[in-house]
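Each remark here refers to the structure printed beneath this line.
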Amino acid sequence: MAANLRYCFISEWLDPASGILWKYQLFYYPESKEVEMVDIKNRRHFLKRTKYEELKPSLLFLGSVVTVFSRQLKLTEYGDEFTRNRMESQSERTLAMIKPDAYKNMGKIINAICQSGFLISKLRIGKLSKEEAGEFYAVHAGKPFVDRLTDFMSSGRVVAMELVAPGAIRKWRELIGPTDSNQARAEAPGSLRAQFGTDKTFNACHGSDAPDTAAEECNFWFGPGRYPGKCDLAAGTTLCLVKPHLVADGAAGLVIDLIQESFEVTAGGLYNLDRNAAAEFLEVYKGVLPAGDFNSMVEQLTSGACIALEVADRDGADAVEPFRQLAGPLDPELGRVLRPASLRARFGLDAVRNGVHCTDLPEDGVLEVNYFFTILPTAS
Numbered sequence: 162m163a164a165n166l167r168y169c170f171i172s173e174w175l176d177p178a179s180g181i182l183w184k185y186q187l188f189y190y191p192e193s194k195e196v197e198m199v200d201i202k203n204r205r206h207f208l209k210r211t212k213y214e215e216l217k218p219s220l221l222f223l224g225s226v227v228t229v230f231s232r233q234l235k236l237t238e239y240g241d242e243f244t245r246n247r248m249e250s251q252s253e254r255t256l257a258m259i260k261p262d263a264y265k266n267m268g269k270i271i272n273a274i275c276q277s278g279f280l281i282s283k284l285r286i287g288k289l290s291k292e293e294a295g296e297f298y299a300v301h302a303g304k305p306f307v308d309r310l311t312d313f314m315s316s317g318r319v320v321a322m323e324l325v326a327p328g329a330i331r332k333w334r335e336l337i338g339p340t341d342s343n344q345a346r347a348e349a350p351g352s353l354r355a356q357f358g359t360d361k362t363f364n365a366c367h368g369s370d371a372p373d374t375a376a377e378e379c380n381f382w383f384g385p386g387r388y389p390g391k392c393d394l395a396a397g398t399t400l401c402l403v404k405p406h407l408v409a410d411g412a413a414g415l416v417i418d419l420i421q422e423s424f425e426v427t428a429g430g431l432y433n434l435d436r437n438a439a440a441e442f443l444e445v446y447k448g449v450l451p452a453g454d455f456n457s458m459v460e461q462l463t464s465g466a467c468i469a470l471e472v473a474d475r476d477g478a479d480a481v482e483p484f485r486q487l488a489g490p491l492d493p494e495l496g497r498v499l500r501p502a503s504l505r506a507r508f509g510l511d512a513v514r515n516g517v518h519c520t521d522l523p524e525d526g527v528l529e530v531n532y533f534f535t536i537l538p539t540a541s
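Mapping of the sequence shown onto the numbering used here: position 128 corresponds to residue 289, and the numbering continues sequentially without gaps.
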């Protein structure tokens, strides 16, 4: 790799105090893992070239939100033709969907996605109405199988994801296998449809078949003002946040799989929290924890994408306390002694990067769930 190789993006940052939208040239030097920022309006350096290993090259694509020294920047344009030519082919997008029949295996499928080199740039759990399912599958209108298909797709929750990778469309279709699950078991026994599908309709997963289709399908789920399949929030549920360090490490699917062994996941989405939202959400801990610990928790929640999940007890009981037991002690080191099977003991690094956040008090369950799924802007 050339020592002077650099990529350039135009990025935006909304100043939460003034409401001013600032634009910067963001330069990334992959060989030295350095960043540099130039204030476009004032034509001067905002950040001189400096080492910043926390920025992952896989996050450098249009529409991505990256964090540079606690400042969240949205990448809106390529900064030069060299970057466009080098990066455009490396960041193809496709729409992936986990269908109702495979929803119970969501964690396993998301783990397979992460282990196959995809980046999940957007994610939302929803339950489509029959009309919304018909809109999504409008290309099949009038075909004899469409009623069965739309009945099936509106029969339970689905997981919609925008995946980013080189050759993402072809790569995802190879991972899910042939449309007919029986054919998949014969020809691609390791594929997702072979493992989790039943037939040609109940076939576990959906994947876009071409760039135009991918753009249309991603817009259906994640376009401006779009929120198909919005789930009604249930009583007695609790909130789980899969923290940014686990999402970045590709471990979210493993966490979700363990949750699904004992609980139902009834809503979910991927969020990029700004500092104001993270501080507001964690406000209950302000004054309880030392100021340094509170600030570190805010920094972690704003360091990258997190996945919010509404978690319900399978028997309809209040889920807050049982799920808190699964999450384990706040400090993973203590968890590894007292509750070695807990999520924080398995995935946590320290008291801040401890894998997951969970609701601590029964009366806060509805408040935390509503904060993410009602108060905050819709998930990515």
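Note that beta-carbon positions come from the ideal geometry of N, C-alpha and C, so glycine has one too. Please read all numbers here as calculations on a predicted model, not as lab measurements.
- Following the DSSP letters along the chain, one finds H301 in no alpha helix (DSSP H), marked with neither H nor E.
- Judged by DSSP secondary structure, T228 falls outside any alpha helix (DSSP H) and instead within the beta strand (DSSP E) spanning V226 to V229.
- Residue F363 holds the alpha-carbon nearest to the alpha-carbon of S315 among G358, L336, F363 and V300.
- Non-local C-beta neighbours of D176 in its own chain, meaning closer than 7 Å and more than five positions away in sequence, comprise W183, ordered along the chain.
- Inter-residue distance for D474 and A502 is about 19 Å (C-alpha atoms, whole angstroms).
- CA-to-CA, the gap between K391 and W382 works out to about 11 Å.
- It is roughly 24 Å from the alpha-carbon of L487 to the alpha-carbon of G465.
- For E377, the enclosing alpha helix (DSSP H) stretches over residues P372 to F383.
- Take the alpha-carbon of G453 and the one of E460: they are about 10 Å apart.
- Bridge partners of A326 according to DSSP: E253.
- In the three-state scheme derived from DSSP, where H, G and I count as helix and E and B as strand, A347 is classed as helix.
- A straight line joining the alpha-carbon of A302 with that of A349 spans about 29 Å.
- The secondary-structure analysis by DSSP pairs I281 across a beta bridge with L324.
- Following the DSSP letters along the chain, one finds G368 inside the beta strand (DSSP E) bounded by residues C366 to G368.
- In this structure A365 is buried. Its beta-carbon is surrounded by 16 or more other beta-carbon atoms within 10 angstroms.
- Looking at the DSSP output, A469 shares a beta bridge with L402 and G430.
- The straight-line gap separating the alpha-carbon atoms of Y168 and A326 is approximately 17 Å.
- Counting along the chain, no alpha helix (DSSP H) covers E195; the unbroken beta strand (DSSP E) around it starts and ends at E195 to D200.
- Taking 8 Å as the cut-off, the beta carbon of F279 is found closer than this to the beta carbon of A329.
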